[in-house]
Amino acid sequence: MSRPLDDILFSAPSLQAQKVIRAVSVMATVVLLLLAAGTLYRFHAAGQLEARFWEFFTWRTTWIFLAEGLLGTLASAAMAAVIALTLGVVLLMGRLARSRLVRWPSIALIEFLRGTPTLLLIYVCFLVLPSVGIKLSTYWMLTLPIGLATAAVVAEVYRAGVLAVPRGQADAARSLGLTEAKVFFLIVFPQALRYIIPALVAQLVIVVKDTTFGYVVTYGELMQNAKVLIANYHSLVPVYLVVAILYCLVNYAISKASKRLRGPMH
Amino acid sequence: MGEVSRLLAEYGPAFGQALLLTWKLTVLSFVPGFLLGVVVTVLRLLPLPPLRFVLTIYVEIFRNIPAVALLIFIVFALPDLNVLIDYEPSVILTLVLVCSAFTADYLRSGINTIPGSQAEAALSLGMRPMHIISVVVLPQALRSVVQPMTSLLIAVMLSTSLASQVPFPGRELTALVSKIATDSAAGIPAFAVAAGMYVATGLLIAWAGAALEKKARILR
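Protein chains in written order, with this note's numbering: chain A, 49 to 314; chain B, 328 to 547.
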């Protein structure tokens, strides 16, 4: 593996360039520290550093409540992922079908589900479905639209994986007398999965982000619980800050995992 | 179909305006977001460890934070810090930050596909590093990220639906549907029309992106 390009670009700076780099580095550090100090001062000037805005973070109940929210987030995200992974296979089968009668409606459904904002789908489950007599729980009002929208994306990811499997694999399996279903589910699909596992895990980040809309339908996920905390303690900035950090940590962990999964492939 | 035509008779112009606002928010978020992403990418190439460190944190934060959470923070929490930003600029700022982080991430992967020998060759020709970045590295990186940038543009377009979460003076498509669904029983046709508009815009972007990709692709 060759060195990264930026290392090569600046690999052998002259003595003078070294001095410039050092000076600019120090300057950049000073500017960044000043920025940080300015932000902190802003917090102080606005009175946001007062203990009453932060002290409830030392209470166990606050963290239990936030953990419940995070659990709600993960419960919804996990179910949406299960829906997406299974329904994605169904959509993929339709998408790859030989008959146009099956293929075209599948393409239309995929394009529709992934081309519409998840928030709009949530509004349909939240505002429109009840008016025609379909009542879902808040959990499903959030989870179902996310699952459906993700299923369409996952179907396309599956398809990319299936197309990446060399044709000879399917041909060889057919020549051994396997049925079409067996060729697909025993030979092609498992290999396709290996190609796309990183992409699928990365999709999970988007699912977790989408569950943030839980507060729209008042489902008790992290964002909704944050709103409740704010209503109780009138502490907007600290609570939203902590919640944002929690979201970042969860998603960062998932992204890192997906990049690690990419490792052994090549 | 009858319901849709009745809906369009009543809300037709509103849908037109909503679509235009969706497009406007998309462009106003994507273009600065993209440019900011390019700047962040170049700054991260410089041999300045503190800057690299902070910009890596910047990219990871805005790539991983849910856009709604960021928007809510900007709209509802920043005023407590005496930073007041109007609703429309708040939505655009949210999308610009998120878009710039993803652009920087994609461009970085694009740069990683460029063989290091090209930088060595350019250096041996006596070119300065900044010159190499602007005429050798960036053009190739930009050409290799057309496809992810197309997906990002579509994602930004769909994310403008976030504007429905703040009391916006104008209504983009999602806000309009939620208003129609609350006011009348025309929820399903309104949803169908808006969904059609989103899907059509997305397909248009995808088609333009594919055309551009065909022209820009570098065969190695």
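C-beta atoms are modelled at their ideal positions from N, C-alpha and C, and glycine is treated no differently. This structure is a prediction, so every number in the text was calculated from the model and none was measured.
Taking C-beta atoms under 8 Å as the contact rule, B:V386 and B:A490 fail to qualify, at a distance of about 24 Å.
Apart from sequence neighbours up to five positions away, the residues of its chain that approach A:A125 with a beta-carbon distance below 6 Å are V255, V256 and T259, ordered along the chain. Taking the beta carbon of A:F113 as reference, no residue of chain B falls within 8 Å; the closest one sits roughly 17 Å away. By the Cβ rule, the stretch 264 to 277 of chain A does not count as touching the stretch 357 to 367 of chain B, because fewer than three pairs are nearer than 8 Å. Contacts with chain B (Cβ-Cβ distance below 9 Å) from the stretch 185 to 211 of chain A involve no residue at all.
From the beta-carbon of A:E159, the residues of chain B found nearer than 9 Å are V526, G529 and L530.
B:V395 belongs to the set of residues whose beta carbon lies under 7 Å from a beta carbon in chain A. One finds nothing in chain B with a Cβ atom closer than 9 Å to the Cβ of A:K183; even the nearest lies about 15 Å away.
Only those residues of the stretch 280 to 293 of chain A whose C-beta falls short of 8 Å from the nearest C-beta of chain B are listed: L284, V285, Y288, L289, V291 and A292.
Counted as a single uninterrupted DSSP element, the alpha helix (DSSP H) harbouring A:S73 occupies residues L63 to A93. In the structure shown, B:M524 falls within a helical segment according to DSSP collapsed to helix, strand and coil. In the three-state reduction of the DSSP assignment, B:P340 falls in the helix class. Those residues of the stretch 53 to 75 of chain A placed with their C-beta closer than 7 Å to a C-beta in chain B are L53, D54, I56, L57, F58, I69, V72 and S73, ordered along the chain.
Scanning B:V463, B:E447, B:Y414 and B:V402 for the CA closest to the CA of B:I438 turns up B:V463.
The shortest CA-to-CA distance from B:L382 to any of B:E337, B:L424 and B:L531 is the one to B:L424. When 8 Å is used as the limit between beta carbons, B:D407 is near these residues of chain A: A94, Q96, L284 and V285, in chain order. Approximately 4 Å separates the beta-carbon atoms of A:Y267 and A:T186; this is inside 8 Å, confirming the contact.
Using a Cβ-Cβ distance cut-off of 8 Å, the stretch 199 to 210 of chain A and the stretch 157 to 166 of chain A are in contact, since at least three pairs of beta carbons, one from each stretch, lie closer than that value.
Taking every protein chain shown into account, the CB of A:D54 has 16 or more other CB atoms within 10 angstroms, so this residue is buried.
Given a length threshold of 4 residues, each whole run of the alpha helix (DSSP H) inside the stretch 175 to 243 of chain A is given here in chain order: 186 to 212 and 215 to 223. Rounded to the nearest angstrom, the gap between the Cα atoms of A:M141 and A:I245 is 19 Å. Residue burial annotation: A:D219 is exposed, with fewer than 16 other C-beta atoms found within 10 angstroms of its C-beta. Put simply, the stretch 200 to 217 of chain A touches the stretch 229 to 243 of chain A. At least three CB pairs are less than 8 Å apart. For A:P238, the nearest beta carbon of chain B is not closer than 7 Å to its own beta carbon. Less than 7 Å divides the Cβ of B:Y433 from the Cβ of B:V472.
Linking A:V180 to A:Q217 through their CA atoms gives a straight-line distance of about 49 Å. Residue contact with chain A for B:T501: present (Cβ-Cβ distance below 7 Å to some residue of chain A).
At a beta-carbon threshold of 7 Å, the residues of chain A lying near B:I392 are A292, Y295 and C296, ordered along the chain.
In the DSSP assignment, B:D407 falls outside any alpha helix (DSSP H), carrying neither H nor E. For B:I419, the nearest beta carbon of chain A is not closer than 7 Å to its own beta carbon. A Cβ-Cβ separation of about 7 Å places A:L114 in contact with A:L270 under the 8 Å criterion. Annotated as distal: B:S427 and B:G536, with beta-carbon spacing of 7 Å or more.
B:L530 sits exposed, since fewer than 16 C-beta atoms from the chains shown fall within 10 Å of its C-beta.
In chain order, R151 place their CB closer than 6 Å to the CB of A:A145, counting only its own chain and leaving out the 5 sequence neighbours on each side. Contacts with chain A at 7 Å (Cβ-Cβ) include B:I441.
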